[in-house]
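Reviewing the structure listed below.
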Amino acid sequence: MTRVFLGWGALMAAIMLVGLLFVGLDDADSLALFGGTVAVMAAIAVVLALAGWGRALHGGVRALPDLSPPTVLLGVAIVLAALGAELGLWLALIGGGLALLAIGGLVREGRAQRRALARARAGARAGREGNSGRLHPAEGYERPEFGSGGRREEAR
Amino acid sequence: MSDGVGDIRREFTDLFDVYWAIGVAIWLLIAVLVVVFVVRYRARGDDDAAPAPGRSGNTPLELTYAGIVACIVAVLVWLTFSTMDDPGYRVTAQGLDRGEPPADAELVDVTGARWNWRFDYPRHGISEIGTDLRVPTLTLPEDRPVTLRMTSLDVIHAIWIPERRFKQDVFPGRTTTMTVVFPDQGFWRSGGQCNQFCGLRHAEMDFDIRVLSQADYDAWTRERGR
Amino acid sequence: MSAAPSVSLRRPTLVELLSATDHKRIGLATTVTALGFFFAGGVLALLMRTELAHSGMQFLDHDAYNQLFTMHGTTMILLFAPPVVMGVATYFVPLQLGAAEIVWPRLALLGYWLYLGGALTVWSGFLTEGGAARWAWFAFLPLSDSASSPGTGGDLWVLGVALSQLGVLLLGCSVMATIVRRRAPGMTLLRMPLFCWSMVATLLMVLVAWPVVLATMALLFIDRNVTDVFTVGGGSITYQNLFWFFAHPLVYVIFFPLVGAVGEVIATFSRRRFFGYRVTVLSLLLFAALSTSVWAHHMFTTQGVNNRFFSLTSTMIAIPAGIEYFAFLGTMWRGRIVLRTPMLFALGFVLLFLIGGLSGVFVASPPLDYHAHDSYVVVAHFHYTLFGGTVFGLFAAIFHWFPKVTGRRLSEALGIWQCALMFVGALLTFVPMFVLGFDGMPRQVADYPAFRDWDGLNLLSTIGAYMLLVAFLLFVVNVLRSRRIGEPAGPDPWGGQTLEWATASPPPRHNFDRLPPVRSYAPLLDLREERSRAERELGEAAGGADARRAPAAREEPAP
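Protein chains in written order, with the UniProt record's numbering: chain Z, 1 to 156; chain E, 1 to 226; chain H, 1 to 559.
Put into structure tokens, the structure is as follows:
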């Protein structure tokens, strides 16, 4: 996939060069926008290559909560904070406060997720099979028991 | 027709006819193919899910086809660029190709302001100002290039003269130009209109166009001028 | 191959609906919300068409009309179309990739809420004292500055557009990361379904264009509320460059995914593998690159950009678009075409988008655009791309995937009526606009003089618009009917070719119990072909030498 980003960036660079060399594209706005596009694609490709994220991930354990109320709260908080820019500082402050609350919730969620992940890995090492037939067996995805924001999730 | 500036409307029509013919032909071709394929290859009888046979691609054929489309595109681009390169056409919008207005062109300074137009004739000391109650009239000589130097006092406007098939934007803090020739005398009610949305009464920001013979135009400038 | 349905039969609680991290819930919520805005934007259009049916002002005033077309454009092109394609992609890309989930589901969930909040913020402008924004959906400066357009409604528009498009960007990042990271074993890049590839092309544009609109809206907000930003001589040109650098890729962002979806519908209902897959994938990437290089064709009349360059790139778009049309036709050629509703909408897409595409080549020529620009010619042109393309493509996708999402079928009869009404309505509404525009009718005007003789064509257009209303009401009836008495769809009602049809309808929480092997971009078609080959061989073994004598006959379908 890294190559797709690189190749597409190269295509954009080629179009810009055609404009620059043959059709007299010389205004600063256009060159900056084209240059920025090429730079963004190159940056994405470099990040993917360095982090080794360019390939599909097979296997691994998933431990995502089914529900994430703090994320919703964060969304509402951002909207309120942005509206505060128009309607007054009070709303921005409310939004900011809610955002802090939401981030706290997300941190809790993250901790629970890490614990669940560790449990699942331990389970996998102990030779336990995936806990249900509903997951991607070929890939070894597992869906361990975990809590949503610390609460225990009901079995379905 | 005066030297130095072409008939924009004719050049538009010449170019348009080619685009129109090619466009209609392609649409009809594809529409007919779709109908023929649907009729010819429609699943008969029970519509079971049995896969149809056949190749799932033919790269040489596809590339040949892409080449044909590219040729059509090349012809169209060539036609467009030729029109833009035409010496007569080049002077119509001087800002585009840095062409110069013809020396014998009549000059009109156009000012747009929400929601009316003002026309100043610097060589004759004439000002034609539209008001809420009166639609302004742009008076022009017949068969002679007229260069409009346009600017705005507030927001972006645009002048569209559908009869000439031409328009240019009018900016605050910048001057844009366009040169038009009206080959025939006549009067066009609302012949020019603002074509860039500019607020509340944008829809009513128009002007009439009156084209006079050179003799009548001279008489008009003497009468209205200083 | 299908999994036993393992979804909960219990109705989800409100908290579960609102905060689920399941990509199917997020995708469905986004799609349904966007369709809600589609209907709202359609109502605005009907109000405008009603006013325009006759010359003279009948029941709106100029100010109301200006708000209406601003909000109609904003709603359709910013609050309906990009979110709806992101919603469909959030739902179906993981399924088509054989993935159990989306990458960064919280990011996608956050994206949905920002989109919803932003969209409501834009619409809340109607509730403010001065009314909603009235500066057309492109908000050119200096019309949109605080001196020319004061008022809270305008500020809410700027904030709402920024928030909603941030939401679209987050949803897009999540989908892109899923395509990069979560393809099933065996699914190489060139075995991805066409829809996923169309999303790759789409999201490449989103990744470069959407940050630009966020920056532009931030600058516009500062310009309105704090200090002038776009003041220098070329300031208004720079604003237009920035805005169109976002807004031109935008119109392809809301088109490509439906090219992908329509391609799959045509392949499925022609019982064929999609023709020319590789060339189409390459052409999509070229298409996306050109789409990001044409923005200033909206600025031909400004005398501030290089018209030749942008005319060249804009006309060249016909090449990748032509390749896609060739692939559509190549797929139907020698297929076994089954005319179900998704296929009908797909054919409507092919025919109506073509009008928009060809008229797009026409307005890509500056000498022609000097006449057409900002006239009703352009209105007709982009409605054929956006209505003929996006909306017809979207309904092809909806009718195709509705049984997968709900587990129930839609009524074919109602669907056929809807498609026919939409097709005739689209011709009746928008063809007259070409004539009107050519004759000199500018866009974004509440009224036109009676002496122009434009009344008849405008009335025709208004009648067409009401036909479209009836068509969409039929769709609502169809959905409600299906929820109550729609027949169960089963996992694969259409004979689908991609992985989403290899699981239950609706898919369980983690999508798949088992995955079929992925050996091409149509894994389920592979299985079907394998099965019929095996059946034939069994038949041969039983039938003796007859079949072996004519190997060519093996390619013929079973009668």
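Built from N, CA and C at the ideal position, the CB exists for glycine as well.
- Not a single C-beta of chain Z is nearer than 9 Å to the C-beta of Phe92/H.
- Residue burial annotation: Arg278/H is exposed, with fewer than 16 other C-beta atoms found within 10 angstroms of its C-beta.
- The bridge partners DSSP lists for Met150/E are Val110/E, Thr176/E.
- With 16 or more other CB atoms across the displayed protein chains lying within 10 angstroms of its CB, Gly172/H is buried.
- What Leu354/H touches in chain E, judged by beta-carbon distance under 7 Å, is Trp27, Ile30, going in chain order.
- Neighbours of Leu114/H across chain Z, judged by C-beta separation under 8 Å: Gly75, Ile78, Val79.
- In this structure the region 190-204 of chain H does not touch the region 235-248 of chain H; the number of beta carbon pairs closer than 8 Å is below three.
- Using beta-carbon distances, Trp53/Z counts as an interface residue toward chain H, with a partner under 9 Å.
- Of the residues assessed, Thr178/H falls on the buried side of the cut-off, its CB having 16 or more other CB atoms within 10 angstroms.
- Taken through DSSP and simplified to helix, strand or coil, Phe395/H comes out as helix.
- When DSSP assignments are scanned along the region 442-529 of chain H, the uninterrupted stretches of alpha helix (DSSP H) that are 4 or more residues long and fall wholly within it turn out to be 455-485.
- Scanning its chain for C-beta atoms nearer than 8 Å, with the 5 sequence neighbours on each side dropped, one finds around Ile103/Z the residues Pro70, Leu74, in chain order.
- When secondary structure is reduced to three states using DSSP, Trp197/H falls in the helix class.
- By the Cβ test, the region 382-395 of chain H is in contact with the region 67-87 of chain H, since at least three Cβ pairs between them sit closer than 8 Å.
- Under the Cβ distance rule, Ala136/H counts among the residues neighbouring chain E, one pair being separated by less than 9 Å.
- In terms of Cα proximity to Ile78/Z, the closest of Glu529/H, Leu18/H, Trp113/H is Trp113/H.
- Annotation for His157/E: the continuous beta strand (DSSP E) segment containing it runs 157-161.
- For Tyr466/H, the closest Cβ of chain E is not nearer than 9 Å.
- Excluding its 5 nearest sequence neighbours in each direction, Leu414/H has C-beta neighbours in its own chain below 6 Å: Leu474, Asn478, listed in chain order.
- Gly24/Z reaches chain H at Asn306, Arg308, Phe309, counting residues in chain order whose Cβ is nearer than 9 Å.
- For Pro102/E, the secondary structure class from DSSP, reduced to helix, strand or coil, is coil.
- Comparing alpha carbon positions, the residue from Val15/H, Val206/H, Lys24/H, Thr13/H closest to Val405/H is Lys24/H.
- For the region 14-27 of chain H, residues whose beta-carbon sits nearer than 9 Å to a beta-carbon of chain Z comprise Val15, Glu16, Leu18, Ser19, Ala20, Thr21, Asp22.
- When DSSP states are grouped into helix, strand and coil, Asp169/E belongs to the strand group.
- Taking Ala52/E as reference, the option from Arg336/H, Val424/H, Ala261/H, Asp513/H with the minimal CA-CA separation is Arg336/H.
- DSSP, reduced to helix, strand and coil, places Gln193/E within a strand of the structure shown.
- Counted as a single uninterrupted DSSP element, the alpha helix (DSSP H) harbouring Glu264/H occupies residues 256-269.
- The beta carbon of Tyr277/H sits closer than 9 Å to some beta carbon of chain E.
- Residue-level contact check: Phe362/H touches chain E, since one or more beta carbons of chain E fall below 9 Å from its beta carbon.
- Separation of Arg519/H and Ala56/Z (C-alpha to C-alpha, rounded to the nearest whole angstrom) is 16 Å.
- Among the residues of chain H, those whose CB is under 7 Å from the CB of Val73/E are Thr315, Met316, Ala318, Ile319, following chain order.
- Judged by their CB atoms, Phe119/E and Leu138/E are nearer to each other than the 9 Å cut-off.
- Its chain contains Thr221, Gly225 as the residues whose beta carbon lies nearer than 6 Å to that of His124/E, once the 5 sequence neighbours on both sides are disregarded; these appear in chain order.
- With the criterion set as a beta carbon lying under 7 Å from some beta carbon of chain H, the members of the region 137-168 of chain E are Asp154, Val155, Ile156, Ala158, Trp160, Pro162, Arg165, Phe166, Lys167, Gln168, in sequence order.
- Around the beta carbon of Trp8/Z, a 10 Å sphere encloses 16 or more other beta carbons of the protein chains shown; the residue is thus reported as buried.
- The beta-carbon of Val72/Z is placed less than 9 Å from the nearest beta-carbon of chain H.
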